[in-house]
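All remarks here apply to the structure that follows.
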Amino acid sequence: MNKESIESKLRERFEAPLPDFYIRRIIFWQDPDGEFAEIIDEIELPDVKILKLTGSNNFAAKMLLLETDLTGNYLVYNPVSYEDIKDNWLLDIECCSEEFRADMLSMRMDGLSMPDLPDLRKAMRRYGKFFANKERMTKLTAFGTSYRTAEQLHIDILAVLTGAEENTLNAIICALLEDGLPMEGNASIEQVEKFGDIAVLWQLIGCYTGYQYDGRVDLKDLAAHLLLTALSVTFPEKYLKGLERFIAKKHQGVCYELIDEWMHSKACEGFWDIAEEVGESLHLADVFKAAEIEDLAGSVSFPLIDQCILQRFLGEIAEGVVKSEEILETVQRRRTTRWYNIYENYYEGVLQAAKMYRFYQDHVQGFAVGNYEQFWKNYTENYYRMDTAYRKFHLAFGKSLRQQESELDDLFKNTADYVENLYKNWYLSTLGTKWTDLTCEEWEKYGCLRALPQQTDFYKDCVEAASVSGTRTYVIVSDALRFEVAQELSEQLIQRTKGTAKLSARQGIFPSVTKFGMAALLPHTKLTLSESVNALCDGLSTEGTLNREKVLQHKHLASRALQHKEILEMKKTERREAVSGMDVVYIYHDAIDAIGDKRATEDQVFEACEDAVSELVNLVRLIVNDLSGSRIYITADHGFLYSYRALDESDKAESDLISGTVLERDHRYVILENGGNAEHMIPVPLHHFESEHTGFAPREYIRIKKQGGGINYVHGGISLQELCVPVIEFQNFRTGAKGFVDTKPAEIKLLSQSRKISNNIFALEFYQSEAAVGKVLPETYQIFLCDRTGVAISDVQTIIADKTGQQDADRTFRTRFTLKNADYDKKETYYLTICRKASGEIVEQVGFTIDIAFASEFDI
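1154 is the number that this note's numbering gives the last residue of the sequence shown; the numbers go up by one with no jumps.
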């Protein structure tokens, strides 16, 4: 009964007709336990005065009622009890007055809108101290529970005392553990012992999870019970011998649900620490190390599992044992698990190492190609993938160095050594040797590879041909945009814009450095060299943006050259003014070379490649949206060679191998006056520049020794990585225009045929209807079972639909679900719900029936 109920009853009493010969009403409110001391001052009764007895104001009270005020109505609140009736000075007045007693238990039940049932009344009697506090009462009523069983009341009170986020046993147990495993000092335990019923807590936990408390001084056994019982759902029993006392098979579903909720809650840090402590105390690292990877891959209860998987893979790779298919499958499965983001860099590292090893297996006999045209084609279609995997490995490795996960750090460094050896000593060496053998004669004779499209013809073949249509042509020249990076850029342009992107390649001019490559991309009748060995287009300097603009305008008056940073700093109207009336606009972008060419930052070149891709996608969008550009070419002046580890002396060519007058020299080329020579290097006459001077290029990835500058990041030579210059032809389409193809997400469909669930743990198969390539974009889905009101009744599983295989069998997913502990009506329809993770949009619901008996009642 709350204050309002008390006031209502008292008002009725005071407003009732007076007995004969009475001129006023006095009611004594007897409250010997002082249960209503906190609310007496809040009671408001019209035309009634409230007199509070204290045990020391009896004389004053008697004077007031018998002498001072003989007509006023009084509510006399008496919290005092007397051992001897003679001590009650007001007994004579009480005998002539009325008495009011409030049943606190009934009032409390009424305040909670609780039916007066024996079990509920019995449960309420346990919590007198709990209800003596307004704040606790407020928290309890905030749950809004319609009580029908004692179980609901026990759980709500425990939720208040433990500070649980929800009034569920899952939340209560999590809050209990998060307060610390030692019982002493555990705030939740202290609150339950003081204001609740600790026996009820342990009974509920026992009924719900199967854990039986035996007076232990800490909660570590409870945590171990929950974690290992949940683990046993997905982890084979054969590995858990000796740990049976922690596993309650009848409660697997409940414990799995609890652990799943806890892992995905805001309190996951507490979970991590507890799981680590339990794992260490039970020596679970030894258990997981003995397990097969396939058995570990589907389990998530312990973060230690990820560590063991990665330790296994990293250790094997470092020893030259690379189980590429197992790694690819495992990483695919782990991507949707709870702790993947913590170990993402390590998983990405082993994934890329596996891809490199698979490439090695495919080409272990070497690159058996008979001519350089086919070799070039193979590189642009396939071989470049090794460069991409190497780059992505080192991106992940570099991030891990900043993360410093001590358990995995040294192993990852050993893996990096393996990757370095595979890339540099096998791939670069084998690829470079074959390429050199196929091309050296043509280089020496012609100074270029005549069968390949030439960078020097770029303007004529692309820009000039496009400008005939009358459409403004944009050319973005990104310094050192290597072919394999351009491949990634091309894919992103297709996925993130309304246009299409077609990637091709041209043989870059030798030496493959900025000043020559930039000149080759400009319009010219002939290229020549100045006395300072700079490139001239028809006698015009090509150094700097302004000079390049003059060269463009010499060919086509309506031309403009701008820097990327310059474009970004302009306002929209300024950008439009800058290109107004222009037919050709060159934009120069420098993200990669600006980082790689400096010794201090060359180790960040792969991060610069990531930045370059992002910046170029945004630049294309800017041109399309702000400048209405529809035809854009993206190319580069040159590529680059890069290896992470310091080079051996055998990888460097001594300067004394060079004889004659050196006009210019760098790590990957040298230009000598006519008559000079460089032993063991490939001579490349500079016919492109109509020069009698001769260039020389080291073989494979060899660097020429010289003072200054970085040596790991280099360019200027004739390797495929330096020389294969990308050309992306991007064409934008307006929505609905001819040729327009909109992007769409990859879709998943349920493959399993059965629509009946007869086990609380079950698996379903899905398939991705299309390969995630081109305009079909990867999509992440969340899948769960729900009732007809939309409330989830299972855990939520994630599928990342990004498979690129062309066969349906290559795009399937097997996913396990666990139902929540509840009573299910086998006549009811439940819905498997597939929704997009980002937007929450439901894309499909499939009806299922459930025929399972759960025991959800508690006997307290």
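For each residue, glycine too, the CB sits at the ideal point set by N, CA and C. Just so it is clear, the structure is predicted and the values come from calculations on it, not from any experiment.
*How far does the beta strand (DSSP E) with residue 641 in it reach, from first residue to last?*
Here residue 641 belongs to no beta strand (DSSP E); instead the alpha helix (DSSP H) covers 634-656.
*Locate the alpha helix (DSSP H) running through residue 572, then write down its first and last residues.*
Looking at the DSSP string, the run of the alpha helix (DSSP H) that includes residue 572 is 562-575.
*asked:* Using a 10 Å radius around the Cβ and a threshold of 16 neighbouring Cβ atoms, would you call residue 458 buried or exposed?
replied: Buried is the call here.
*Using DSSP bridges, identify the partner residues of residue 323.*
Answer is 371, 394.
*Give the secondary structure of residue 798 by DSSP, where H, G and I count as helix, E and B as strand, and everything else as coil.*
Strand, per DSSP.
*Environment of residue 831 [buried if 16+ CB atoms lie within 10 Å]*: Buried, by the Cβ-count rule.
*So what does DSSP say about residue 1056, is it helix, strand or coil?*
It is a strand residue.
*asked:* Which of the three DSSP states is assigned to residue 1235 in this structure?
replied: Because the chain spans 295 through 1154 in this model, residue 1235 falls outside it and cannot be assessed.
*Look at the alpha carbon of residue 366 and the alpha carbon of residue 490, and state the distance between them as a whole number of angstroms.*
So the two alpha carbons sit approximately 43 Å from each other.
*Please look up how many angstroms separate the CB atoms of residue 468 and residue 559, rounded, as I've assumed it's under 8 Å.*
Residue 468 to residue 559, Cβ: 7 Å. Contact.
*If residue 852 sits next to residue 875, beta carbons under 8 Å apart, how far is it from one beta carbon to the other, in whole angstroms?*
Their Cβ separation, rounded to whole angstroms, is 6 Å, which keeps residue 852 and residue 875 in contact under 8 Å.
*Mind checking whether residue 790 and residue 1021 have CB atoms under 8 Å apart?*
Against a cut-off of 8 Å, the Cβ pair of residue 1021 and residue 790 comes out as no contact.
*In terms of residue numbering, what span does the beta strand (DSSP E) encompassing residue 959 cover?*
For residue 959, the enclosing beta strand (DSSP E) covers residues 956-960.
*Using beta-carbon positions only, say whether residue 1137 and residue 1044 come within less than 8 Å of one another.*
No, the pair does not count as a contact, with Cβ atoms beyond the cut-off.
_Residues near residue 330 in its chain [Cβ-Cβ closer than 7 Å; skip 5 each side]_ = The residues are 396.
_Using the three-state DSSP reduction, which class does residue 512 fall into: helix, strand or coil?_
It is a strand residue.
*Cβ contact (3+ pairs, closer than 8 Å) linking the stretch 691-703 and the stretch 660-667*: Contact fails: fewer than three Cβ-Cβ distances are below 8 Å.
*residue 1085 bridges to which residues according to DSSP?*
Bridge partners of residue 1085: none, in fact.
_Residue nearest to residue 940 in terms of C-alpha spacing, selected from 659, 1008, 1100, 775_ = Minimum Cα distance to residue 940 is reached at 1008.
*Bounding residues of the alpha helix (DSSP H) (the contiguous stretch that carries residue 1023)*: Note, residue 1023: premise wrong, no alpha helix (DSSP H); beta strand (DSSP E) at 1018-1025.
_Distance, residue 718 Cα to residue 897 Cα_ = Whole-angstrom Cα-Cα distance: 16 Å.
_Minimum C-alpha distance to residue 306 - residue among 350, 369, 316_ = The residue with the shortest Cα to Cα distance from residue 306 is 369.
*Which of the three DSSP states, helix, strand or coil, is assigned to residue 686?*
In the structure shown, residue 686 adopts helical secondary structure according to DSSP, grouped into three states.
*Since residue 750 and residue 987 are thought to touch, with beta carbons under 8 Å apart, how far apart are those beta carbons, to the nearest angstrom?*
The C-beta separation of residue 750 from residue 987 comes to about 17 Å, leaving the pair out of contact by the 8 Å criterion.
*asked:* Just verifying my parser: in three-state terms, what is the DSSP assignment at residue 756?
replied: Secondary structure at residue 756: helix, using DSSP grouped into helix, strand and coil.
*Note down the Cα distance separating residue 333 from residue 326, rounded to an integer number of angstroms.*
Going from the Cα of residue 333 to the Cα of residue 326 covers about 15 Å.
*Secondary structure, alpha helix (DSSP H): runs of 4+ residues fully inside the stretch 719-753*: Those alpha helix (DSSP H) runs which fall completely within the stretch 719-753 and span 4+ residues are 723-740.
_What would DSSP say about residue 1124, mapped onto helix, strand or coil?_
Collapsing the DSSP output to three states places residue 1124 in a strand.
*With DSSP run on the structure shown, which of helix, strand or coil describes residue 666?*
Secondary structure at residue 666: helix, using DSSP grouped into helix, strand and coil.
*Taking residue 878 as the reference, which of 626, 775, 816, 905 has the closest Cα?*
Residue 816 holds the alpha-carbon nearest to the alpha-carbon of residue 878 among 626, 775, 816, 905.
_Quick check: what's the CA-CA separation for residue 475 versus residue 596?_
Taking the straight line joining both Cα atoms gives about 17 Å.
*Under the rule that 16 or more other beta-carbon atoms within 10 Å means buried, what is residue 389, buried or exposed?*
That one is exposed.
*Touch check for the stretch 622-630 and the stretch 1089-1098: three-plus C-beta pairs under 8 Å?*
In this structure the stretch 622-630 lies against the stretch 1089-1098, because at least three pairs of beta carbons, one per stretch, are closer than 8 Å.
_Complete beta strand (DSSP E) runs within the stretch 937-1002 (minimum length 3 residues, chain order)_ = Unbroken beta strand (DSSP E) runs of no fewer than 3 residues, entirely contained in the stretch 937-1002, are found at 956-960, 963-966, 976-979, 988-991, following chain order.
*Can you tell me the Cα-Cα spacing of residue 889 and residue 1126, whole angstroms?*
Taking the straight line from one Cα to the other gives about 51 Å.
*When DSSP labels each residue in this structure, what does residue 1005 get in the three-state scheme?*
Of the three classes helix, strand and coil, the one that applies to residue 1005 here is coil, per DSSP.
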